[in-house]
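Engineer: So the protein sequences, as listed, match chains H and C. So that you can map any letter, position 242 of the first sequence is 242 in the working numbering, and since no number is skipped, the others follow by simple counting. So that you can map any letter, position 318 of the second sequence is 1318 in the working numbering, and since no number is skipped, the others follow by simple counting. Backbone N, C-alpha and C define an ideal beta-carbon position, used for all residues, glycine too. A quick note: this is a predicted structure, and the numbers were derived from the prediction, not measured. Below are the structure tokens for one structure; questions will follow.
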Amino acid sequence: MNALISTAVFGIVLMFTGLFVKNRQHIKYYAVAGTIIAFIANWFDAQLVTNGTVILHNMVEVSKFSVLFNAVAIATTFLYFVLCGSAFEKAGDDVADYFALVFFILSGITLSGSFNNLLMLFLAIEIISIPQYILAGVDKKNLKSNEASLKYFLMGSFTTGILLMGIALVYGATGTFNIREMGLGTGDLSPLALCGVILLGFALAFKVSAAPFHFWTPDVYDGSPSVFTAFMATVVKAASFIAFMRLFHVSFAGGNLSAHWQLIIALITATTLLIGNFTAVFQQSVKRMLAYSSIAQAGFMLFAVVAMNEMAMQGIILYAAAYSIATIGIFAIMLKLKDYTFEGYNGLARKHPLLAVVNTIFLLSLAGIPLTAGFFAKYFVLSAAVQQGQLLWLVILAVLCAAVSAYYYFRVIIAMYFKTGDAETSEPITTGFKSVLVVGAAVIILLGMFPNLLLQFL
Amino acid sequence: MLTVLLILIPLITGLITFGTKGPGAKVLSLLSSLASLVITVIAWTQFETAPDALQFTVDWIPQLGTQFNVGMDGMGLMLCLLTTISFPLIFITIFSRDYERAGAFYGLMLLSQAGLIGVFTAYDALVFYMFWELALIPVYFLCSMWGGERAVPVTFKFFVYTFTGSLLMLVGIIYIYSQTGGSFSWAIFTSNQLSAAEQSWLFWLFFVAFAIKMPVFPFHTWQPDTYEQSPTPVTMVLSGIMVKMGLFAVIRWLLPVLPKGAYMWQEAAIVLSVIGIIYASCIAIMQSDLKRLIAYSSIAHIGLMSAAIFANNEQSMQGVMVQMFNHGINIIGLWMLVEVIQNRINTKNLNEMGGIATYAPKLAITLVIVSFANIALPLTNGFIGEFLMFSGLFQYNPWFAAVAGVAVILAAVYMLRMLQKVIFGEANAQTAAIVDLKAGETFAIGVVIAVIFVLGFYPKPLLELVNTTSLLVNAINFK
């Protein structure tokens, strides 16, 4: 709860810094301080829930899980600000507003793990989405950015409609908005409820860019200023998954209903894995490749939604951390380069060996190679699905797709190490930037060896 | 603790080596590899007196019930011995060469050593998997960065092949883990209650992973290209030690964990292996590229070992185990000489060689000896293993033994043809200028030849070392 309040308040504070702080470079420091304060505030929440969950007016439920996820989200946002914060200035003029918008998204994110009521879910999703529509279009003179913003907005509003319709149907069937009281998992299955659940599933599938609702993703990610894509593709996406899981885990699990939506989500997972991975292979720009790779990674995260057991909860937390850190790191390095195509990375290892090594660690993590956090993230979600039973075909499909994913991740590694070229950076690489990257890589390796460092808090 | 030390030494020195520049890297890695050798010898003496002391267990990820559990049985110790003998020999052979970015080169070599030792000593499926991949990644970078002109695509193919196999194995591991009640320990894996139907498909998840690594036909296509394009020291690691990972994994993980599955598919596995033997031997005969020739010969030899494993009787199993060691030593010897020849005359085309016997007699003699060991002539180390394997295969099915036996003749054909082309015949301008073996090279190849003869005359210590493991594997209820 503290995290929600502190991030919302800091969003407002940052809006005013634009008025009072003349040096735009300093705003970044306020934002970084904001994440630190939010982290500490969240830590107080953790003290509150040591003996169980705390429910506030039947609307918000603070649990160990939500607090841990908030910690991961805030920490990765901190990393994002430190690594990419200086790129905010290049995106447009209203730097303070961009930071403020990110904080508003963050407050939506903190709600997505702890909503207890469908209206709160709706609010969480909208609080996350609306600032993103704006951020996607801040590069006003760029047509692609305009297109991204408009496309995202139109598709997003459309989904909002579906989401509302789903909520309405579920409410019609159960007479309550409270997700704990719906009890859809037991008893007879009403067609109204089933339709509602399916609509909710589709709306959330859109938010996490699962196929076949993924079409907006590459264009929006590609068109938006890269610095914001980095945030959209990572922390935000993880939060949507948390909301997805929470809703289906708490209120729709069990009984006849599960068999229906699990089959649908299993099929969505399979499609997402195939489309994400195979299309990523053909991309020429690293940014677009990352957009498709985010679809592919969404396929893996969907395993947690399908499986819905203890292990899936651990897996999604680990996935959120591993995937966000690695992708933010890769974006941060990409933002420093002049050319976003694969050729732009040619010879990076010779020119900036440290950047190349760190980037390699991040890419290996995304590919799921052991001794990186990505391995255990994949391991946990796949294990969860095997434990759940009957999904072995999906697991085997997923590992074959993971092998395909090695192809496009390794293309970057090959470009950096084995191709000759002159990877040019658009600005000098500071020691501070390098040290933060190294810390990120160290966290990836530490979690790759001891995932327990994170999971013990669950 | 010795076992952990054996993993930690190359791991830590490898990481340090990354940061070193100039000749420091090669000196440090040589010292590190010698230290590992000493530790292995100490471990051997301990194995004879108190084998339990080599086990080491500590909790790793309590959520998953996985433990960092490493230890050595006879087979594990033997393969650690092979690894720790090979690395100093490799480092000595290339000591006079200066690699670009030497720190990274030697660092990666040592990391792959750590991975290999980890694979051979792991008694926990997840630990095994981690090391299995850890051994792969450094080799990927080694081949791509220091390999031939086609190294990048070729190594990438190798990587994708093995990575796909590993992932399938991972699914198998996860499935067995979910059925055995939350433990990865080898002891629990082997005492599982999986039905025959489950074992039947699980077998393929594991077998494909191991077959790619060995490689067994038709999963072998990455191998000749990779051996050809890799820098020779890396080829030595690949062919001498890394392929043994596949064989080892079948004996340690596949047969005991999935005995019913293995029983069901035993014949299919042998048929694939035997096809591989004949097919690779025939291609080897037609090769004009020295490195590819040896690569194909290696497929044939490994094919025989894999057939013998699945014949699964005491003799064949003993044969495979001693042959894992002997083949490793022989093929590393062979690659050493290839490295020398290739460096001196700058070609690996057999048609451009000849007459080396006259100008570099030491080189020629050693090549003859190692080649003879490779075709398993009596009194060389290769003989005893091959004899045991054929006899075991014969017990299983005489026809398989007969077809596989053709490989012995074919092996003699291609090895002798190779010798004839390389060391006899007319010399040309390049081969006439060849410099004979230098001191370091002579020492390294001398050690190989000493091992060849010592084990050829007196294979008993090796047989005794692996005896317990082969009995253990045979004790598994295979039906």
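Between the stretch 220–236 of chain H and the stretch 166–173 of chain H, are three or more C-beta pairs nearer than 8 Å?
Structural biologist: Too few Cβ pairs lie closer than 8 Å, so no.
Engineer: Going along the stretch 1176–1203 of chain C in order, which residues come within less than 8 Å of chain H, judged by CB to CB distance?
Structural biologist: Taking 8 Å as the Cβ-Cβ cut-off against chain H, the residues of the stretch 1176–1203 of chain C that qualify are Y1177, S1178.
Engineer: Can you tell me the Cβ-Cβ gap for F65/H and G113/H, rounded? I've got them flagged as a contact below 8 Å.
Structural biologist: Counting from one through the first sequence, the residue named residue 65/H turns up at place 65. Counting from one through the first sequence, the residue named residue 113/H turns up at place 113. At roughly 7 Å, the Cβ-Cβ gap stays under 8 Å, so F65/H and G113/H are in contact.
Engineer: Could you check whether the stretch 1317–1333 of chain C touches the stretch 1351–1364 of chain C, counting it as contact only if at least three pairs of C-beta atoms, one from each stretch, sit closer than 8 Å?
Structural biologist: Touching, no.
Engineer: Following a CB-centred definition, is F213/H positioned closer than 7 Å to any heavy atom of the ligand GTP?
Structural biologist: As presented, the structure is devoid of all ligands, the ligand GTP included, so that no description of it is given.
Engineer: Along the stretch 388–402 of chain H, where does the CB come closer than 8 Å to a CB of chain C? Name the residues.
Structural biologist: Going along the stretch 388–402 of chain H in chain order, one finds L392, V395, I396, V399, L400, A402 with a Cβ nearer than 8 Å to chain C.
Engineer: Hey, F418/H and V1152/C are a contact pair by Cβ (cut 8 Å); roughly how many whole angstroms apart?
Structural biologist: Taking the first sequence and counting its residues from 1, one reaches residue 418/H at position 418. Taking the second sequence and counting its residues from 1, one reaches residue 1152/C at position 152. Indeed, because the Cβ distance is near 5 Å, the residues count as touching under 8 Å.
Engineer: Is there contact between the stretch 1297–1312 of chain C and the stretch 1272–1279 of chain C, where contact requires at least three CB pairs shorter than 8 Å?
Structural biologist: Cβ pair count under 8 Å is three or more, so yes.
Engineer: Answer with yes or no whether the minimum CB distance from A312/H to chain C is below 8 Å.
Structural biologist: Start at 1 with the first residue of the first sequence, and residue 312/H comes out as number 312. Taking Cβ atoms only, chain C never reaches closer than 8 Å to A312/H, which makes this a no.
Engineer: Does the pairing of the stretch 1001–1019 of chain C with the stretch 1437–1451 of chain C give three or more beta-carbon distances under 8 Å?
Structural biologist: Because the criterion of three Cβ pairs below 8 Å is not met, the stretch 1001–1019 of chain C and the stretch 1437–1451 of chain C do not touch.
Engineer: If I follow the unbroken alpha helix (DSSP H) through V170/H, where does it start and stop?
Structural biologist: Residue numbering aside, residue 170/H sits at position 170 when the first sequence is read from its first letter. Residues 143–174.
Engineer: So, for F371/H: in the same chain, excluding its five sequence neighbours on each side, which residues have a beta-carbon less than 7 Å away from its beta-carbon?
Structural biologist: Position 371 of the first sequence, counting from 1, holds the residue named residue 371/H. The sequence given here places Leu at residue 371/H; Phe does not occur at that position. If we look at L371/H and ignore the five residues flanking it on each side, its Cβ neighbours are I445, G448, M449.
Engineer: Taking 8 Å as the cut-off, decide whether the C-beta atoms of V1338/C and M1242/C are in contact.
Structural biologist: Along the second sequence, one-based indexing puts residue 1338/C at 338. Along the second sequence, one-based indexing puts residue 1242/C at 242. Going by C-beta atoms, V1338/C is not nearer than 8 Å to M1242/C.
Engineer: Thinking N116/H and N178/H are a contact (beta carbons under 8 Å), I'd like their distance in whole angstroms, please.
Structural biologist: By 1-based counting over the first sequence, the position of residue 116/H is 116. By 1-based counting over the first sequence, the position of residue 178/H is 178. With 8 Å as the limit, N116/H and N178/H qualify as a contact, their Cβ atoms being about 6 Å apart.
Engineer: Nearest-angstrom Cα distance between S426/H and L454/H?
Structural biologist: Taking the first sequence and counting its residues from 1, the one referred to as residue 426/H is at position 426. Taking the first sequence and counting its residues from 1, the one referred to as residue 454/H is at position 454. Going from the Cα of S426/H to the Cα of L454/H covers about 36 Å.
Engineer: Should S383/H be flagged as near chain C, meaning a C-beta pair shorter than 8 Å?
Structural biologist: Reading the first sequence from its first residue, position 383 is the one you call residue 383/H. Yes - at least one Cβ of chain C is within 8 Å of the one on S383/H.
Engineer: Less than 7 Å between C-beta atoms, sequence neighbours within five positions excluded: which residues of the same chain meet that for P1224/C?
Structural biologist: In the second sequence, the residue the question calls residue 1224/C occupies position 224. Around P1224/C: R1292, A1295, Y1296.
Engineer: Using only CA atoms, which one of A385/H, G347/H, S405/H lies nearest to G374/H?
Structural biologist: Counted from its first residue, the first sequence places residue 374/H at position 374. With distances taken between Cα atoms, G374/H lies closest to S405/H.
Engineer: For chain B, check one thing: does any of its Cβ atoms lie closer than 8 Å to the Cβ of Q1063/C?
Structural biologist: Chain labels in this structure do not include chain B; the protein chains are H and C.
Engineer: Which residues mark the beginning and the end of the beta strand (DSSP E) in which F1056/C is found?
Structural biologist: Within the second sequence, residue 1056/C is the residue found at index 56, counting from 1. 1056–1061 is the span of the beta strand (DSSP E), which, as asked, contains F1056/C.
Engineer: Count the other CB atoms within 10 Å of the CB of W1399/C; is the residue buried (16 or more) or exposed (fewer)?
Structural biologist: Walking along the second sequence from the start, residue 1399/C turns up at place 399. Exposed.
Engineer: Indicate whether at least one CB of chain C lies closer than 8 Å to the CB of P218/H.
Structural biologist: Against the first sequence, residue 218/H aligns to sequence position 218. No, no contact with chain C.
Engineer: Taking buried to mean at least 16 other C-beta atoms within 10 Å of its own C-beta, is R1252/C buried or exposed?
Structural biologist: Stepping through the second sequence from its first residue, residue 1252/C is reached at position 252. Looking at its Cβ environment, which holds 16 or more other Cβ atoms inside 10 Å, R1252/C is buried.
Engineer: In terms of residue numbering, what span does the beta strand (DSSP E) encompassing N1069/C cover?
Structural biologist: Counting from one through the second sequence, the residue named residue 1069/C turns up at place 69. Unbroken beta strand (DSSP E) run through N1069/C: 1066–1070.
Engineer: Are Y407/H and V1160/C touching if we call contact CB-CB under 8 Å?
Structural biologist: Numbered from 1 along the first sequence, position 407 holds the residue referred to as residue 407/H. Numbered from 1 along the second sequence, position 160 holds the residue referred to as residue 1160/C. Yes, Cβ-Cβ distance for Y407/H and V1160/C is below 8 Å.
Engineer: Where does the unbroken beta strand (DSSP E) through E424/H begin, and where does it stop?
Structural biologist: Here residue 424/H refers to the residue found at position 424 of the first sequence. Neither: E424/H is in no beta strand (DSSP E) and is coded neither H nor E.
Engineer: Does the beta-carbon distance from I494/H to I1137/C come in below 8 Å?
Structural biologist: Absent from the structure is residue 494/H, since the part of chain H shown begins at 1 and ends at 458.
Engineer: Which residues in the same chain have their Cβ closer than 8 Å to the Cβ of F1095/C, if we skip the five residues on either side of it in sequence?
Structural biologist: One-based indexing of the second sequence puts residue 1095/C at position 95. Excluding sequence neighbours, F1095/C sits near K1026, L1030, G1440.
Engineer: Could you pull the start and end residues of the beta strand (DSSP E) that E1228/C belongs to?
Structural biologist: Walking along the second sequence from the start, residue 1228/C turns up at place 228. Premise fails: E1228/C lies in the alpha helix (DSSP H), 1222–1229, not in any beta strand (DSSP E).
Engineer: Would you mind listing the alpha helix (DSSP H) stretches within the stretch 32–110 of chain H that are 4+ residues and don't spill past its ends, in chain order?
Structural biologist: Counting only runs of 4 or more, we get 64–84, 88–91.
Engineer: Apart from the five residues just before and just after A1269/C, which ones in its own chain have a Cβ nearer than 6 Å to its Cβ?
Structural biologist: On the second sequence, residue 1269/C is found 269 positions in, with the first residue counted as 1. Excluding residues within five positions, the ones whose Cβ falls inside 6 Å are F1310.
Engineer: I'd like to know if I369/H contacts chain C, where contact means its C-beta is closer than 8 Å to some C-beta of that chain.
Structural biologist: Position 369 of the first sequence, counted from the start, is the residue given in the question as residue 369/H. Chain C contact via Cβ: present.
Engineer: Could you give the first and the last residue of the continuous alpha helix (DSSP H) run that contains T1347/C?
Structural biologist: Translated into the one-based positions of the second sequence, residue 1347/C becomes position 347. No alpha helix (DSSP H) contains T1347/C, which DSSP labels as neither H nor E.
Engineer: Can you tell me where the alpha helix (DSSP H) with K1362/C in it begins and where it stops?
Structural biologist: By 1-based counting over the second sequence, the position of residue 1362/C is 362. Its alpha helix (DSSP H) spans residues 1361–1374.
Engineer: So what does DSSP say about D222/H, is it helix, strand or coil?
Structural biologist: Here residue 222/H is taken as the residue at index 222 of the first sequence, counted from 1. Helix at D222/H.
Engineer: Roughly how many angstroms separate the alpha carbons of D339/H and E424/H, rounded to a whole number?
Structural biologist: Against the first sequence, residue 339/H aligns to sequence position 339. Against the first sequence, residue 424/H aligns to sequence position 424. Whole-angstrom Cα-Cα distance: 8 Å.
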